[in-house]
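To convert, take the position in the sequence shown, counting from 1, and add 314; that gives the numbering used here.
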Amino acid sequence: MNYNEFYQESLGNKEAFWKKQSNELPWFTPPNTILSEDANGYPLWFADGETNACYLALDQHIEAGYGDQVAIIYDSPVTQTLKKYSFNEVKSEVSRLAGGLLALGLKKGDTAVIYMPMIPQAAFAMLACARIGVTHSVVFGGFAPHELAIRIDDCKPRVVITASSGIEIDRLIAYKPLVDEAIELADHKPKKVVVLNRKLGARIPFKKYDVDYDALVYGSEEAACVPVNATHPLYVLYTSGTTGKPKGIVRDTGGYATALKFSMKYIYGAQPGEVFWAASDVGWVVGHSYIVYGPLINRNTTVLFEGKPIRTPDASTFWRVISEHNVSVMFTAPTAIRAIKKEDPNGEFIKQYDLSCLRTQFLAGERCDVATLEWYNEHIPVPAIDHWWQTESGWPMISNMMGVEQLPIKPGSASKAVAGYDIRIFSENGEELGPNEEGYVVIKLPLPPGTLLDIWNDNPRFKAGYLTKFPGYYFSGDGGFKDDEGYLFITGRVDDVINVAGHRLSTAEMEEIVAAHHSVAECAVIGINDDLKGQIPLALVVTKSGEEIEHFQLQHEIVQKVREQIGAVASLKDVIVVQRLPKTRSGKILRKLLRSIVDGADYQIPSTIDDEAIIPEIEEVLSHCKIGSFK
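In structure tokens, the structure reads:
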């Protein structure tokens, strides 16, 4: 198939194109209205169709005779557990958990928060909610109680589903005390907390609202799938915003399922029955789309991996999983490959495994640097495909479409626009820029199916953040350019959101925490380049006059406070004390200028700066500091 013809077909007649794709799925009520608008004029897909995401992920395959196929491979080097679940087994547990949730009083239209580690029950909980029309919101297990409380207050769940503990490489993290603390902090109080006891020794303080997971599942009848409208919110997934307050991205059901089925076939080139592995976490969008819903809807065996690319037990673990489970297509973040490369620079571990089953390696979550791509290709002779998408899109926007036509790979580029996405590069004034001119990455409306429906309970913020800057276009928040051949290069965020090891984090939120320290007069938190994680946060602070505090103590207290309120995922380790911060005459801190100075990049001093003399001062201070991987 020819990429250009396929792509032009997707833009030339969107309704016919996506109607054809929707026919790939069984519907309870097939849609007649393919593309319409909501009350605010925002595009809707398949508005009069009825379906159920759990039915598409499980029941349809069992009805077609594939009940004994392995659906989920749970591989946990941290607990030395390997377990395989057939579609029949997954459906049995999911439908009984769904029955248990109904018995607790949940009904279609309610919400539930899932706060769990990378275990099969996290996927079961997602599917059980989907089965009965309950909108789930998975919160990444690495987030602290403060962050969990914010999300509880925003989506107001009737139930929180959690586990006794998560496991890091060197320690057990008790989840239940964190959930209890979050509920104490939150204004909204969930009715029940369903707790899975992993029996690993973690403390599980009992509360009146607690329900035992196993007792709930094994004491309940199986629940049938509840038909929901195609536009029914399948889940709310929170992502960082520039204000510091997380945004609850709302995902529909029918459009999302259609897009995932399409992407598994045409982007990832995965055939039903093959093993697909996304080495991510269910707390992130990759986990939703390509650990749980996408592979299962496409009848792929999905690998659910609880571990790290290194130290579980070593840098060979990814290659063992691929070889042992016969993985055809894999997806991970460039950070993971960089970590492996650092531990095993000559690829000695790779030589110990038969990786002939692997057909394609996908990389996303952050921009893949050329050195990482070259190292991978040197040691593993399969296409390594860098591709770009967001929590908001739910599935890839720029990628080499391996199920259509493999285009030549250009290191540094995520390739060309995926079918359905009309991607342009705009200037500040909304004028389309020519080849090799850097600007804002925008997408012409309507976006294809499966992309964000709204922000939960905050439509004004949805419009302001994505639709107002360039009317008629979705504003991605990223900068980039197209080359002469239409290849797209993403250069990074244009707002105060940074990408730490594939995790989007708000520097504005970190700044609020840093600024709250009693010794800090003002501060700036910026994302700087890091060899391993892509970006890490750096805090520059001005202390209050008259405050006597050792730099080591100040740094320790700020780092601990950020860990407490956001979690270790924030990776803030460096706090630099400066006499003053560079600002414009109107008082805005010049964060981009600070980033350039720290990263050693070329920069121009803006004409709006209040005092140019501050630049040598900042350079002098930074020259004596070791920051992250840089001096």
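Where is the CB? At the ideal position from N, CA and C, for every residue including glycine.
Integer Cβ distance of residue i from residue j, believed to fall under 8 Å
i           : j           : result
residue 804 : residue 875 : Actually they are not in contact, since the Cβ atoms of residue 804 and residue 875 sit about 32 Å apart, beyond 8 Å.
residue 839 : residue 825 : 5 Å
residue 883 : residue 457 : 7 Å
residue 431 : residue 455 : 5 Å
residue 554 : residue 511 : Residue 554 to residue 511, Cβ: 32 Å. No contact.
residue 785 : residue 328 : The pair is not a contact, with the Cβ atoms about 19 Å apart (cut-off 8 Å).
residue 811 : residue 837 : Wrong, their Cβ atoms sit about 17 Å apart, outside the cutoff.
residue 801 : residue 757 : That belief does not hold up - the Cβ atoms of residue 801 and residue 757 are roughly 16 Å apart, past 8 Å.
Secondary structure of residue i, DSSP reduced to three states
i           : result
residue 670 : coil
residue 424 : coil
residue 457 : coil
residue 848 : strand
residue 818 : strand
residue 443 : helix
residue 342 : coil
residue 322 : helix
residue 372 : helix
residue 383 : coil
residue 502 : coil
residue 644 : strand
residue 813 : strand
residue 622 : coil
residue 770 : coil
residue 796 : strand
residue 709 : coil
residue 918 : coil
residue 450 : strand
residue 676 : strand
residue 475 : strand
residue 783 : coil
residue 347 : coil
residue 434 : helix
residue 730 : coil
residue 542 : strand
residue 776 : helix
Residue i vs residue j beta-carbon contact at 8 Å
i           : j           : result
residue 614 : residue 578 : yes
residue 582 : residue 711 : no
residue 673 : residue 846 : no
residue 540 : residue 527 : no
residue 881 : residue 572 : no
residue 709 : residue 678 : no
residue 848 : residue 680 : yes
residue 648 : residue 616 : no
residue 666 : residue 699 : no
residue 588 : residue 670 : no
residue 390 : residue 752 : no
residue 599 : residue 705 : yes
Same chain, Cβ closer than 7 Å to residue i, five either side skipped, listed in chain order
i           : result
residue 935 : 890 and 892
residue 344 : 363
residue 755 : 737, 739, 790, 792, 793, 794 and 804
residue 465 : 427, 451, 453, 552 and 560
residue 931 : 893
residue 370 : 339, 571 and 611
residue 354 : 773
residue 280 : Since the first residue of the chain shown is 315 and the last is 945, residue 280 is not available in this structure.
residue 534 : 410, 413, 414 and 417
residue 595 : 432, 454 and 601
residue 945 : With a pLDDT of only 33 at residue 945, under 50, the local geometry of the prediction cannot be trusted, and the value read off the model is given with reservation. Counting only Cβ-Cβ distances below 7 Å, and skipping sequence neighbours, we find nothing.
Cut-off 8 Å between Cβ atoms - residues of its own chain near residue i, not counting five sequence neighbours on either side
i           : result
residue 483 : 392, 622, 625 and 626
residue 531 : 407, 410, 411 and 414
residue 746 : 738, 739 and 740
residue 467 : 500, 501 and 502
residue 911 : 917, 929, 932, 933 and 936
residue 798 : 749 and 750
residue 920 : 898, 904 and 907
Beta-carbon contacts of residue i that lie in its chain and below 6 Å, excluding the five residues immediately before and after
i           : result
residue 381 : 401 and 402
residue 450 : 426, 428, 440, 443 and 549
residue 437 : 606
residue 630 : 663
residue 422 : 447 and 540
residue 958 : This structure leaves residue 958 out entirely; the chain is present only between 315 and 945.
residue 655 : 689
residue 697 : 674
Proximity test, residue i beta-carbon vs the ligand NAD heavy atom, cut-off 7 Å
i           : result
residue 840 : This structure lacks the ligand NAD, and indeed carries no ligand of any kind.
| field | Minimum length 3: unbroken beta strand (DSSP E) runs contained in the stretch 545 to 613 | value | 549 to 553, 561 to 565 and 589 to 592
| Enumerated in chain order, which unbroken segments of the beta strand (DSSP E) with a length of 3 residues or greater are wholly contained in the stretch 829 to 913? | 834 to 844, 848 to 857 and 888 to 891
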